[in-house]
Every structure is written in structure tokens, then in C-alpha cells.
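First up is the structure itself, then whatever we jot down about it.
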DNA sequence: GACCTGCTGCGGTTTG
């Protein structure tokens, strides 16, 4: 190896001799900057380490080469390194990448997840050593069902490596993992060093405090200094047909082409012959597009290169497509939801396309990171944006052409390097309840103060104060809830309902899952659709990019046998809440309306749509006015994100108005602007978050909220919405 | 008007 920089020599020389030989055999010319700095941090210090770099920067090696160097000579029994990943597929990927190296170093490496071979798990239990690659749910199961084994395996770890850390910074799964890590530390009374691997994220300080809540400042942060590749961008505008309404559907022969048909025409020509990713936003739109592409290939009598990829498709179909993308010997475009955003290796693609405007900068950046990964290749992004046909009865909000404006605003924020920071999670109570049950089951009984200490040391439960937790425990022990029981000596044990809940197979995950039909074709599973689809023999389906007829329904096993058919119908995929838009994006949209520059990346139709949106903004006098009348309803324009709008909606609801929050503000039904202004003007003081929480309707949103006391959930609502409520007076001033 | 993620232990049978 010919080191090109002196600091590289130093890092390289610090690595284990076997690893140095392995590096030479890989033909690496030098260590990358991120690898060099990570080796220094891990081998030259004793702190936790956070590595934030793009997917292709070699951060897995950056972390594992020095970690393996450190643990190579360990003789004490017990596993040295616990690697945690949000995806089984990623575990399998990393296992393949590390297996050879570990074998040579005689360090056992074991996959531990639901589909991993049982034999290897048994082997490692007999002689606990080396590395374990695991999911949070499998950690949960290990602690809960086999706590003696867990202690033997995980009681003396040297390192915990958390991959895709950004996926754990927000949401219930991140809360669960934080608690699991603190429970692991209690097993052996040692705190392993934590290494976090993350895509480039907005707020590194926040990620550092997730990694080490007790001492966030001590975390060594290694951020990739490499700039992303050059960006080539086009935004294409499409006007829908006058008859187009509702969600995306299959193409109808003999009718004038809809906007989606024209988008498919364009993308089919442009993307054919190379590897691309087309993010379509919803599973329904993925299927609608995939069907169109397949029909175009058939009409042109060429092999189809476009295939769907989403969470309802079977693992086999998804892996086939991932492999085809990775091998790169047949041109392939994956039409996907967010399934291809996370780090499963699919090689490099020529371009990325989006259907509809980006809703968040974090997802836009993640998606862009999938393009232009080859040295010197530009990142190519196409955004296909549809706006409705202008009719006289069109809602004034739609006249503002918000989707085109949102796209332009998102591009501005992309160039401004903005990324949404995570907020306080609404699932803290639900996960605290879940972890309480799990810890009690693990230990066969526990004391309140010890349970609370474990949760608190995890970090993200800090907003649950000691009296809150006592209230939660008391509620869980009520006879009609029966999750807990207290022995006369104060020891807390599981109650009857608690035993039942913990025994279920559904207990390991902190997110909910619905019942589904499984679609089977000649012994092959295609995927699943929600049970809420009403199906009989003869029902038609469009799924996995093909069209099917149901030939048998097994009501008990919930299996549908299907065969190919000429026609089909898109199934219902249960939809949940929407992805909230951030304040900054809403504010940037207003800035786009108020400026005159025409971005060069817009095509002719998109330019015209932007122009129309700006004209209608001026016509509605929105530079000075905050109200738009629509029939008998009034749109209140806040130019703030979803969190703020939902707080305003609660306030107006409390005042007796009927309203709904949307991206740009709040729509008040059956009220004039004067009435809304009157309500706001009559407020002598701004209601506090606590006052408002009394009017929140849907407090129970997370998996175990049903078992939590309502007053506690209301108090937590005031905390999650505290910052929005604090900014309410300013908003009310603007609206008066 | 959204998306994604995960899963034990035991007793029985079969196979090498």
C-alpha cells in the first residue's frame, strides 16, 4: 500500500496486522478521509463515536476495522461487539461484507434475527464470543425470554455499533432501542462504547445526545467533508385532465391520456436502457405506474425493465429486483415507495425520479444520495409535478399551484443545506409502558424506582417525570386494566392482562401491524394486501406490476390464490396520517410566491404553473391578507408547518369553529374571514398549551396508548406541542 | 393526503 498522506500511514499502522493484509488484498490505494479519522477516534481515544457520511463513503469499514483491531485479542468470555440495524436485509448485507475478514481473524460473527439460522445462535450461546448482528426486536426477545442467556452473551460488551442511526432518532423504535441499550448495560454493569453510523443529518448535536445522553459533548463526531456530486435537476409540470379526480388508478383505454399516462410516456422513453429509481410516494401510485410501464413495454414489444418495490410485496420479489439492480447487467428501473431509501446495497443508479413534490428535505436528500455514486457522475433528479385543470369552480388554494411552489421551495432549502430536526416523540408514554412490562417480565418482578432509573438513563424519556411514571404504574395496576400487580413487599409483577400481552408474538415490536390477505400464485407468494379489501372468487387485482383474477379464497388462512388476467383493479392500501410539513418549508413557499425569479430547471409547463401560482397569490392579495374565501369556507393562511397548524386548529375548535389543518394553514368550515378574525380578536389572553390540550380529540395514537391514563397523555401533548404553543401569540397577531 | 420496520419456545415429526 502506497500511502498518499502521512496521517494515513499512522491510521493504517494502527490496525491489526491481519486487517492490514486484508486491506492490501482489497486493492485499496489509501484509506478514505472518514476511515482515517474514525480509526484515530476509536483507537486513539475512549469516547463514543458518531460517523455521519453518505451511503457510499465506506463508513461500515471505517467503524469495523478499528473495532475489530481492538477486540481481536480479547480472551474474556462474552460477546465483544453488538451491531444493531433497523433492517434484517442490512444485517445480511453486512454479514456478507464482514464474514471473510472475521473468519481470517478467528472472530466469530453471528446473525441474530427472526430469519437467521437457529444453529448459529445455539453455537454462540455455547461459547459466547465475537460479533452479533441483531435487530431491536430480537434484542427485546432475548432480554425478555432468555434473560440468563442475554447476560451471558451481552453482559460484557466492548462496543455497540448502531447502523442507520438517523432511523432511530425519531419514532417509537428509537425510544425502544435507547431503553434496550440501557437495559443491556444493567446486565453486566459495564457501559460499552457506542459507535453510531448515520447518513448526513441536520443536527449532529442531537444525534450525539441520543448516542450518549449523559455526556453528549464527549462524543467524537466525524462528518464527511466530501461535497456531494454535481446536481442535474429538472422539474416537469403536468396539468390534469378536467375529469381527473381522486387517487391514482389504472389507465383506461379509449379515454384521453391522464397526466399520469403522459408522465409514464416520458419516463418510459427517458429511463429505458439504464438503472434508475422512481419514487412514487404511495404503494397505490407505485402499482399504477408499474402497470403503465409494463403495458408500454408490451405495446412496444420490448422486454419490461420497470418493476415495483414496496413494503407489501413479498421479500422474494423485492430481493429479485434489488439483485437485478445491483448486478447491473440488465437495465432496470425500480418504481418504489420509501423502501429503497435506507441503506440496502443496490449499486449505483443513473437517475432518481419523484412523483409529486418532496415533502421533507431529509427524504429528498436520502433519495438523491442514491444517484451519482460513481466517481464524477452527476446526481440526476427529475420531479414530475401534477396540478389540476383550471376550472371556474376550482378551490382557490389549488389555484396557487402549491405543488409546483413546494417543489421550488424544497430545492431552495436543499441548496441551503436545511434538514428537519427531530422533535419530541409522541410515543414516549406508549414505549415507556411497553418497556416497563418487558423489564418486569425479564426480572420476574421489579421495584418502581429501579424501573424508572433504567428508563431515565436511556435519555429520550426525560420528559416523563417521576410523578408521571408513578401515575402510569398506578393506572396499569388498576383492577380493570390489570397489566400490573403489586406484592405486599412493594415488588411489582405482571397482572393477568400484562402476562397475556407479554406472551403474544406481537409484543416484540413497538409499532402496530394490521391483518392482511396473502396473495399466492402457484405456490409463490406475491405479497400482502389489507384484510379490509373485500375479496371474493372472481375479484380482480392489480399487484406486483401485473393483473390478476382471484380463483380461490382461503378465509381461515387468509390466502388468496390468483392467476394472471387481462384486467385488474388496484387494491386499497390502508392509509394513515400524512407526513407533516416543517415550518421552514412552509415559510419558504411563501418566499417563492413573493419572489420573481424563474428557476432554470423548470420545463415550459412548470414555468407556466409557477407563473399562474404567483399571479393568483397577487390576485388574492396574499402578501397582505391571511384569509382566502372558498364557497362558505375560509382558508386561514399561516405559512407555517403542520404542527403549528394543528395547534391553531385545536384553538379554533375550542372556540366552537369546525376546522381542519392542512399544509399551508387551517380550513374553517362554514365561516367567513370576519368570523374567524372575530374569534381570534375576542381572545383576551392566548390559551396555554394546557388549556388547549383539553380540546385535543385523538390523544391515543401509539400502539400501547390505549392502556395509559388520559390525564398523562394530555400532559404529554402539552409537552410535544409546547414550542408550537409558545409561538401561538405571534401567529394570532399576524392573523388579526 | 404516507411510508417503513419486526417476531419466541416448545413439542412433535422427519431426516441423516
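Residue numbers (the numbering used here): 27 to 762.
Where is the CB? At the ideal position from N, CA and C, for every residue including glycine.
Just to confirm before moving on: does the CB-CB distance between residue i and residue j stay below 8 Å?
i	j	result
residue 555	residue 566	no
residue 390	residue 315	no
residue 275	residue 596	yes
residue 363	residue 309	yes
residue 208	residue 484	yes
residue 247	residue 259	no
residue 420	residue 305	no
residue 173	residue 139	no
residue 186	residue 89	no
residue 712	residue 754	yes
residue 117	residue 124	no
residue 639	residue 662	no
residue 574	residue 560	no
residue 110	residue 201	no
residue 199	residue 112	yes
residue 455	residue 739	yes
residue 287	residue 320	no
residue 660	residue 699	yes
Spatial neighbours of residue i within its chain, please: CB distance less than 6 Å, with the 5 preceding and 5 following residues excluded, ordered by chain position.
i	result
residue 48	127
residue 696	658
residue 108	158, 183 and 186
residue 100	106
Please go through the same chain and pick out, in chain order, the residues whose beta-carbon is closer than 7 Å to the beta-carbon of residue i, but skip the five residues on each side of it.
i	result
residue 563	576, 577, 578 and 579
residue 538	729
residue 182	102, 104, 214 and 216
residue 371	119 and 352
residue 736	725
residue 715	744, 747, 748 and 751
residue 558	598 and 600
residue 85	60, 77, 79 and 223
residue 180	105, 108, 210 and 213
residue 535	163
Based on the DSSP output, what are the partners of residue i in its beta bridges?
i	result
residue 66	None, per the DSSP bridge assignment.
residue 334	361
residue 1	Lying before the first or after the last residue shown, residue 1 is absent from the chain, which here runs from 27 to 762.
residue 140	Bridge partners of residue 140: none, in fact.
residue 543	555
residue 550	547
residue 663	691
residue 580	585
residue 566	575
Count the other CB atoms, across all protein chains shown, that sit within 10 Å of the CB of residue i; report buried if there are 16 or more and exposed otherwise.
i	result
residue 32	Its pLDDT being 48, under 50, residue 32 is placed unreliably in this model, and the value from its coordinates should be taken loosely. With fewer than 16 other Cβ atoms within 10 Å, it is exposed.
residue 92	buried
residue 68	buried
residue 83	buried
residue 365	buried
residue 392	buried
residue 238	buried
residue 750	buried
residue 759	exposed
residue 178	buried
residue 149	exposed
residue 710	exposed
residue 166	buried
residue 624	exposed
residue 719	buried
residue 608	buried
residue 176	buried
residue 550	exposed
Apart from the five residues just before and just after residue i, which ones in its own chain have a Cβ nearer than 8 Å to its Cβ?
i	result
residue 196	448, 449 and 451
residue 413	263, 264, 265, 266, 424, 427, 429, 430 and 635
residue 599	308, 309, 310, 338, 555 and 556
residue 520	463, 466, 467, 509, 510, 511 and 528
Using 8 Å as the threshold, is the region 332-349 in touch with the region 379-393, meaning 3 or more CB pairs across them? no
Three-pair Cβ contact test at 8 Å for the region 666-676 versus the region 645-655: no
Assess, as a yes-or-no matter, whether the region 668-687 is touched by the region 635-649 under the definition of 3 or more beta carbon pairs within less than 8 Å. no
Quick check: the region 210-230 against the region 171-191, are there 3 or more CB pairs under 8 Å? yes
Does the pairing of the region 121-135 with the region 144-164 give three or more beta-carbon distances under 8 Å? yes
Taking 8 Å as the threshold, find out whether the region 458-466 comes into contact with the region 519-537 through three or more Cβ pairs. yes
Given 8 Å, three or more beta-carbon pairs between the region 507-518 and the region 484-497: no
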